[in-house]
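> Chains A and B, in that order, give the protein sequences.
Per this note's numbering, the first sequence starts with residue 582, numbered consecutively.
Per this note's numbering, the second sequence starts with residue 143, numbered consecutively.
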Amino acid sequence: MNNSMSRQAARLLLLPTWMIAFAILIKGYSDSGDGFSAGVIAALGVIMQYITFGTETAEKLRPVRYARQISMAGLLVALSTAFIPVLRGQPIMTHYPGPGNAATHIGSLELTTPFLFDVGVFLLVMGVCIGIFDLLAHATRRERRP
Amino acid sequence: MNATLVLLLAALFAAPFTAAFGTARPSLTRPVAIVTTAIAFLAALYNAFRPGPVIDKEWAPAWGMRLHFEADGIAVLFALLATGIGLAVVIYASGYLPLHLHHEHRPEADQTRFFAFILLFMGAMTGLVMAQDLMLIFLFWDLTAIASYYLIGFDSQRRDARVSAFMALIVTGISAVGFLIGALMLDAEFGSFQLPTLIDTLVPNYESDIALVLILIAALAKSAQVPLHFWLPRAMAAPTPVSAYLHSAAMVAAGVFLIGRFYPLVTLRQWMLDGLLVVGIASMLTGGVLALTRDNMKQLLAYSTIAQYGYIVTMFGLGGTAGVFGAMFALIAHGLGKSALFLTAGTVTEATGARELSAVGDLWRKMPLLAVASALSAASLAAIPLTMGFFKDEYFFEAAAHHGRAMQIISVAAAAMTFCYLARFWWGIFGGPNIGDVKPVPFTLVGPIVALGALSLIGGIWPAPFAKVAEKAGQVALQSDDSFHPAYHIEWTTENGMAIAAIGIGLALFFTRRVWFDSVELAEVFGARFGPERAYRAGVLNLNNLSDRIHWIEVRDLRSRVATVLAPAALMIVFTLIFTNADNSFRIGRIQWDDFPLIMMMAVAAIAGLAAAIPRDHFSMALALSGVGYALSVVFALLRAPDVALVAVLVETLLGLLLFAFLGLLPRNVEHADVVPSDEPQEAGHRHRMRDWVLAAIGGSLAFLVSWGVLSRPAPIDSILEDYVELTPDAHGGAVVTVILADFRGLDTMGEITVIGIAFLGIATFIRRRRAR
Numbered sequence: 582m583n584n585s586m587s588r589q590a591a592r593l594l595l596l597p598t599w600m601i602a603f604a605i606l607i608k609g610y611s612d613s614g615d616g617f618s619a620g621v622i623a624a625l626g627v628i629m630q631y632i633t634f635g636t637e638t639a640e641k642l643r644p645v646r647y648a649r650q651i652s653m654a655g656l657l658v659a660l661s662t663a664f665i666p667v668l669r670g671q672p673i674m675t676h677y678p679g680p681g682n683a684a685t686h687i688g689s690l691e692l693t694t695p696f697l698f699d700v701g702v703f704l705l706v707m708g709v710c711i712g713i714f715d716l717l718a719h720a721t722r723r724e725r726r727p
Numbered sequence: 143m144n145a146t147l148v149l150l151l152a153a154l155f156a157a158p159f160t161a162a163f164g165t166a167r168p169s170l171t172r173p174v175a176i177v178t179t180a181i182a183f184l185a186a187l188y189n190a191f192r193p194g195p196v197i198d199k200e201w202a203p204a205w206g207m208r209l210h211f212e213a214d215g216i217a218v219l220f221a222l223l224a225t226g227i228g229l230a231v232v233i234y235a236s237g238y239l240p241l242h243l244h245h246e247h248r249p250e251a252d253q254t255r256f257f258a259f260i261l262l263f264m265g266a267m268t269g270l271v272m273a274q275d276l277m278l279i280f281l282f283w284d285l286t287a288i289a290s291y292y293l294i295g296f297d298s299q300r301r302d303a304r305v306s307a308f309m310a311l312i313v314t315g316i317s318a319v320g321f322l323i324g325a326l327m328l329d330a331e332f333g334s335f336q337l338p339t340l341i342d343t344l345v346p347n348y349e350s351d352i353a354l355v356l357i358l359i360a361a362l363a364k365s366a367q368v369p370l371h372f373w374l375p376r377a378m379a380a381p382t383p384v385s386a387y388l389h390s391a392a393m394v395a396a397g398v399f400l401i402g403r404f405y406p407l408v409t410l411r412q413w414m415l416d417g418l419l420v421v422g423i424a425s426m427l428t429g430g431v432l433a434l435t436r437d438n439m440k441q442l443l444a445y446s447t448i449a450q451y452g453y454i455v456t457m458f459g460l461g462g463t464a465g466v467f468g469a470m471f472a473l474i475a476h477g478l479g480k481s482a483l484f485l486t487a488g489t490v491t492e493a494t495g496a497r498e499l500s501a502v503g504d505l506w507r508k509m510p511l512l513a514v515a516s517a518l519s520a521a522s523l524a525a526i527p528l529t530m531g532f533f534k535d536e537y538f539f540e541a542a543a544h545h546g547r548a549m550q551i552i553s554v555a556a557a558a559m560t561f562c563y564l565a566r567f568w569w570g571i572f573g574g575p576n577i578g579d580v581k582p583v584p585f586t587l588v589g590p591i592v593a594l595g596a597l598s599l600i601g602g603i604w605p606a607p608f609a610k611v612a613e614k615a616g617q618v619a620l621q622s623d624d625s626f627h628p629a630y631h632i633e634w635t636t637e638n639g640m641a642i643a644a645i646g647i648g649l650a651l652f653f654t655r656r657v658w659f660d661s662v663e664l665a666e667v668f669g670a671r672f673g674p675e676r677a678y679r680a681g682v683l684n685l686n687n688l689s690d691r692i693h694w695i696e697v698r699d700l701r702s703r704v705a706t707v708l709a710p711a712a713l714m715i716v717f718t719l720i721f722t723n724a725d726n727s728f729r730i731g732r733i734q735w736d737d738f739p740l741i742m743m744m745a746v747a748a749i750a751g752l753a754a755a756i757p758r759d760h761f762s763m764a765l766a767l768s769g770v771g772y773a774l775s776v777v778f779a780l781l782r783a784p785d786v787a788l789v790a791v792l793v794e795t796l797l798g799l800l801l802f803a804f805l806g807l808l809p810r811n812v813e814h815a816d817v818v819p820s821d822e823p824q825e826a827g828h829r830h831r832m833r834d835w836v837l838a839a840i841g842g843s844l845a846f847l848v849s850w851g852v853l854s855r856p857a858p859i860d861s862i863l864e865d866y867v868e869l870t871p872d873a874h875g876g877a878v879v880t881v882i883l884a885d886f887r888g889l890d891t892m893g894e895i896t897v898i899g900i901a902f903l904g905i906a907t908f909i910r911r912r913r914a915r
């Protein structure tokens, strides 16, 4: 796709896409959307770069190079929020602060462990989507031009 | 300090310690293994004098499982055997294994694995004998089976070693499942996994009978009793120290241990004791007869182990103080004697290269120390006076004497056979004609045998300390305070008479062996033709074939692979459709004008679905499928479900992109070809097309029926959804869907994201391998 329009649009749209993903992630707990949708949106922004600029250019983006690490870190974050309560002798997946206790606020964002869990989901989904696409991009490139 | 805990931890940590140090520095493997085993042995010894307190901690309270350990008499006896003989074997192996690895052309570093698994076995055995919770017993029981698998299959480059290891694992592992079922039945019936509680409360009934029989079968399989004995001679494929350990003091002893542990429950039913008696006698005679003619040293000892454990099981079956105390004492005597003889066989093979009795001879002159030590051990097993084993037969005969003439004859016959095959073993190695040269062997290959032989002699002259250990174990099994004082009685008693008869007949058998040898050897042929091993082999083979056939159906082509997943699922759905109460389902609601946009979008989805079904090229099919998805997400939006609509759009986009990317992976000719293969003959193509139509019609109408049925059913009034909505503010959230995902049903989400992570790894491997090809 060597259309200069689409190139321009793709380049301009990458940061806004991430912004929206980030907003959905933060807003997720009080509004529509969650870590999963945020992760997919962030990944779609990157996939757009693959489609318009090709594998070489897209791979210079940081999330692509560390896709695997991002996904595994996300899984680790999510699993730790689930399992750390077990170490403290509470049932698995106990969230803090409990009902009735006030949570710390940053603006309208409440800092709670479900949010942390959601961040884990976000990182995992983003990493996996980008990672799979990167693998596919490599696989198809080799096959096309032997 | 808590002596029980020290023993448990010392035994359990020996293996990880050895593995860690050995991996870091291979030269540390042997010293660390010896030191950790010695510490465990000292801890066991301390517990023999001053038993530590009971450990009883909560483990999984919801299931009534407890970390319940006790250093009672039985535990001390078996822990002493496991760690003491373990120490002798580990010292022996430290000299043996480098030579063995050298013969097998393997790197020296492999010995770390060996020692780690032997010590794992020791730890599992020690934990097993101290555990009082049925689930703990099961856990350690299986751990011993796993450790034995790796030990028997240590020479994994050899096929017979792998087959033997698998056989031992299957026979003892499947019977272990029986144990688990038995334990669960006891818990269901009497409400406890704790053995002391069960002993106090159990009133025998139908369920407890089944449970105990299952447990006894597990025990007998582990102790290699007829008819589940066939794995033991095969397991001789293991390196000699493993045979010496597993088949004298550890693995087979675990089975008898279990009988001892459950003995208070077993004695509640006389027929169970009679069953033990029958199995014990059968094993005693089968093992004895087969051992008489074996030429391979280790095979001879293996069959002798079957026979000797048959003795012990018989003694448990006979019961009473003589039987049970005698069985416990026999365990010690047999463990010491048999391990020494196994180690002797290993040393002799190392020195001469021979594995058969017929290939060695006259080593008496060349290895006098070894000859004396193994003579003591053999004498002990053959129950010669002034060795420890004499008392085991003494009590065996005493128990048998009260059970009629037939039992007396059987016991004398078994003892005579024991004497004869052990005499053949010893004479075959150390006497007879001089054959071949002898290489010098390191002292570690002789020292442990001398120590074990010396113990057999000491136990014969001063049996009190060993008797004390056996007494305490017997008291636990009998739940009584009876005492046990073996001593020599130089007078005419029935037992002494039977002992003299046994030795006399044994001597006669030994000197007339040329006469009967060939006819007894026929027993082996008979066993190979009609024995239970054939049933095992046929069973394994048929199961394997069945599994292969199912596997082949699954992997034959893409169509059958999809079918193996979808066909069972479809069947289940059909069953659900038939058996679900459909009173309020399958209604047609009224259509209102407000629904018009919704109906329009559904029509778009339907048209896109039809378009996807028209076979053109893959690309347009993928596009049409995406169209279905987008139309449906609009439907969700119209139904005022913004979260679902958002996810649907995103997933549809992502899936579409992935689908197009995957199309790029298809070979070029497939990518642009017609979807319907054109190289098929016209008629076959036609038939396939008909079949596809029929299948699609059935599948489509089923899906339609299910969706209609489910969607037209009115929502239940007491739905948990309202609770979710109500509780959302308490969970610090505003969006119910997100809160459900991350909090209320967070465990589900956790499972799902783990699957995503694993799927990613799978895809990565799959694509990489494809690229590498």
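Positions of the beta carbon are idealized from the N, C-alpha and C atoms, including for glycine.
Indicate whether at least one CB of chain B lies closer than 7 Å to the CB of Ser618 of chain A.
Residue numbering aside, residue 618 of chain A sits at position 37 when the first sequence is read from its first letter. At least one chain B Cβ lies under 7 Å of Ser618 of chain A.
> Is the CB-CB distance between Ala766 of chain B and Phe778 of chain B below 7 Å?
Here residue 766 of chain B refers to the residue found at position 624 of the second sequence. Here residue 778 of chain B refers to the residue found at position 636 of the second sequence. Not a contact, by the Cβ cut-off of 7 Å.
> Is Lys199 of chain B helix, strand or coil by DSSP?
Locating residue 199 of chain B in the second sequence gives position 57, counting from the first residue. Strand, per DSSP.
> For Leu883 of chain B and chain A, any beta-carbon pair shorter than 7 Å?
As a working mapping, residue 883 of chain B is identified with position 741 in the second sequence. Interface residue, yes.
> Show which residues of chain A have a CB atom less than 9 Å away from the CB atom of Asp872 of chain B.
For the purposes of this step, residue 872 of chain B is taken as residue 730 along the second sequence, with counting starting at 1. Residues of chain A passing the Cβ test: Gly679, Pro680, Gly681.
> Are the C-beta atoms of Pro203 of chain B and some chain A residue less than 7 Å apart?
Numbered from 1 along the second sequence, position 61 holds the residue referred to as residue 203 of chain B. Chain A, which has no Cβ nearer than 7 Å to the Cβ of Pro203 of chain B, makes this no.
> Verify whether the separation of the beta carbon atoms of Leu602 of chain B and Met530 of chain B is less than 7 Å.
Numbered from its first residue, the second sequence carries residue 602 of chain B at position 460. Numbered from its first residue, the second sequence carries residue 530 of chain B at position 388. A small fix is needed here, since residue 602 of chain B is Gly in this sequence, not Leu. It is a contact, given that the beta carbons lie within the stated cut-off.
> Expressed to the nearest angstrom, what Euclidean distance is found between the alpha-carbon atoms of Ala230 of chain B and Ile591 of chain B?
Counted from its first residue, the second sequence places residue 230 of chain B at position 88. Counted from its first residue, the second sequence places residue 591 of chain B at position 449. Their backbone Cα atoms lie some 8 Å apart in a straight line.
> Please name the residue, chosen from B:Phe163, B:Pro605, B:Val420, that lies closest to Ala548 of chain B on a Cα-to-Cα basis.
Locating residue 548 of chain B in the second sequence gives position 406, counting from the first residue. In this structure, B:Val420 is the residue among B:Phe163, B:Pro605, B:Val420 with its C-alpha nearest to the C-alpha of Ala548 of chain B.
> Hey, would you say Ile233 of chain B sits closer than 7 Å to Thr654 of chain B, going by beta carbons?
Position 91 of the second sequence, counted from the start, is the residue given in the question as residue 233 of chain B. Position 512 of the second sequence, counted from the start, is the residue given in the question as residue 654 of chain B. Contact flag unset, no.
> Looking only at its chain, what residues have a beta carbon closer than 6 Å to the beta carbon of Leu523 of chain B, apart from the 5 residues adjacent to it on each side?
The residue given as residue 523 of chain B occupies position 381 in the second sequence. Excluding sequence neighbours, Leu523 of chain B sits near Gly479, Gly531, Leu564.
> I want to verify the contact list: residues of chain A whose CB lies under 8 Å from the CB of Ala803 of chain B, in sequence order.
As a working mapping, residue 803 of chain B is identified with position 661 in the second sequence. Residues of chain A passing the Cβ test: Phe714, Leu717, Ala718, Thr721.
> Note down, in chain order, every chain B residue with its Cβ under 8 Å from the Cβ of Ser661 of chain A.
Here the question's residue 661 of chain A lines up with position 80 in the first sequence. By Cβ distance, chain B contributes nothing, its closest Cβ being about 11 Å from Ser661 of chain A, past 8 Å.
> Distance check for Gly269 of chain B and Ile711 of chain A, CA to CA, integer angstroms please.
On the first sequence, position 130 is the one that residue 711 of chain A refers to. On the second sequence, position 127 is the one that residue 269 of chain B refers to. Spanning the two alpha carbons is a distance of roughly 49 Å.
> Does DSSP classify Leu209 of chain B as helix, strand or coil?
Residue numbering aside, residue 209 of chain B sits at position 67 when the second sequence is read from its first letter. Leu209 of chain B: strand per DSSP, three-state reduction.
> So, is Ser598 of chain B buried or exposed, given that buried needs 16 or more other C-beta atoms within 10 angstroms?
Here residue 598 of chain B refers to the residue found at position 456 of the second sequence. That one is buried.
> If we cut at 7 Å on Cβ distances, does Gly875 of chain B have a partner in chain A?
Taking the second sequence and counting its residues from 1, the one referred to as residue 875 of chain B is at position 733. Output row for Gly875 of chain B: interface = yes.
> Determine whether the beta carbon atoms of Ala591 of chain A and Met629 of chain A lie at a separation below 7 Å.
In the first sequence, residue 591 of chain A corresponds to position 10, counting from 1. In the first sequence, residue 629 of chain A corresponds to position 48, counting from 1. For Ala591 of chain A and Met629 of chain A, yes; Cβs fall inside 7 Å.
> Would DSSP call Thr160 of chain B helix, strand or coil?
Translated into positions along the second sequence, residue 160 of chain B becomes position 18. Thr160 of chain B carries a helical assignment under DSSP once its states are collapsed to helix, strand and coil.
> Would Pro695 of chain A pass as an interface residue toward chain B - the criterion being a Cβ-Cβ separation below 7 Å?
For the purposes of this step, residue 695 of chain A is taken as the residue at position 114 of the first sequence. Output row for Pro695 of chain A: interface = yes.
> Determine, using beta carbons only, whether Asp535 of chain B comes closer than 7 Å to chain A.
Here residue 535 of chain B is taken as the residue at index 393 of the second sequence, counted from 1. No, its Cβ sits nowhere closer than 7 Å to a Cβ of chain A.
> Rounded to the nearest angstrom, what separates Pro674 of chain B and Leu370 of chain B at their Cα positions?
Here residue 674 of chain B refers to the residue found at position 532 of the second sequence. Here residue 370 of chain B refers to the residue found at position 228 of the second sequence. So the alpha carbons of these two residues sit roughly 7 Å apart.
> Please identify, using Cβ separations under 7 Å, the residues of the segment 596-608 of chain A that lie next to chain B, in order along the chain.
none
> For Met207 of chain B, go through chain A and note every residue whose CB falls closer than 8 Å to its CB, in chain order.
Counting from one through the second sequence, the residue named residue 207 of chain B turns up at place 65. Close to Met207 of chain B, with beta-carbon spacing below 8 Å, lies no residue of chain A; the smallest spacing is near 17 Å.
> Can you tell me whether Phe458 of chain B sits near the ligand GDP, meaning its C-beta is under 6 Å from at least one heavy atom of the ligand?
No copy of the ligand GDP appears in this structure; indeed no ligand is present at all.
> Do you know offhand how far Phe159 of chain B's Cα is from Ala513 of chain B's?
By one-based count along the second sequence, residue 159 of chain B stands at place 17. By one-based count along the second sequence, residue 513 of chain B stands at place 371. Near 36 Å, if we compare the C-alpha coordinates of Ala513 of chain B and Phe159 of chain B.
> Looking at the structure shown, is Ala591 of chain A part of a helix, part of a strand, or coil, going by DSSP?
Translated into the one-based positions of the first sequence, residue 591 of chain A becomes position 10. Helix at Ala591 of chain A.
> Note down, in chain order, each residue of its chain lying with its Cβ closer than 8 Å to the Cβ of Arg566 of chain B, except the 5 sequence neighbours on either side.
For the purposes of this step, residue 566 of chain B is taken as the residue at position 424 of the second sequence. Excluding sequence neighbours, Arg566 of chain B sits near Leu434, Leu442, Leu499, Phe652, Arg655.
> Check this for me: beta carbons of Phe211 of chain B and Thr165 of chain B, under 7 Å apart or not?
As a working note, residue 211 of chain B is residue 69 in the second sequence. As a working note, residue 165 of chain B is residue 23 in the second sequence. Phe211 of chain B is not a Cβ neighbour of Thr165 of chain B, given a cutoff of 7 Å.
> In the DSSP assignment, find the alpha helix (DSSP H) that holds Glu540 of chain B and state where it starts and stops.
The residue given as residue 540 of chain B occupies position 398 in the second sequence. Taken as a continuous stretch (DSSP letters only), the alpha helix (DSSP H) holding Glu540 of chain B covers 531-543.
> So which of A:Leu668, A:Val627, A:Tyr677, A:Met653 has the shortest CA-CA distance to Arg643 of chain A?
Locating residue 643 of chain A in the first sequence gives position 62, where the first residue counts as 1. With distances taken between Cα atoms, Arg643 of chain A lies closest to A:Val627.
> Would you say Ala626 of chain A faces chain B, with C-beta separation under 7 Å as the test?
One-based indexing of the first sequence puts residue 626 of chain A at position 45. It is Gly, not Ala, that sits at residue 626 of chain A in the sequence shown. False, the Cβ-Cβ gap to chain B never drops below 7 Å.
> Chain B partners of Tyr610 of chain A, CB-CB under 8 Å?
Position 29 of the first sequence holds residue 610 of chain A. Residues of chain B passing the Cβ test: His874, Gly875, Gly876, Ala877, Thr880, Val881, Ala884.
> Identify the contact partners of Gly320 of chain B in chain A, using a Cβ-Cβ distance below 8 Å as the criterion.
Position 178 of the second sequence, counted from the start, is the residue given in the question as residue 320 of chain B. Those within 8 Å of Gly320 of chain B in chain A number zero; the least Cβ separation is about 32 Å.
> With Thr456 of chain B as the anchor, note down where its alpha helix (DSSP H) starts and where it stops.
Here residue 456 of chain B corresponds to residue number 314 of the second sequence, with the count starting at 1. Looking at the DSSP string, the run of the alpha helix (DSSP H) that includes Thr456 of chain B is 439-460.
> Given that a residue counts as buried once 16 or more other Cβ atoms are within 10 Å of its Cβ, and exposed if not, what is Val706 of chain A?
Against the first sequence, residue 706 of chain A aligns to sequence position 125. The residue is buried, with at least 16 neighbouring Cβ atoms inside 10 Å.
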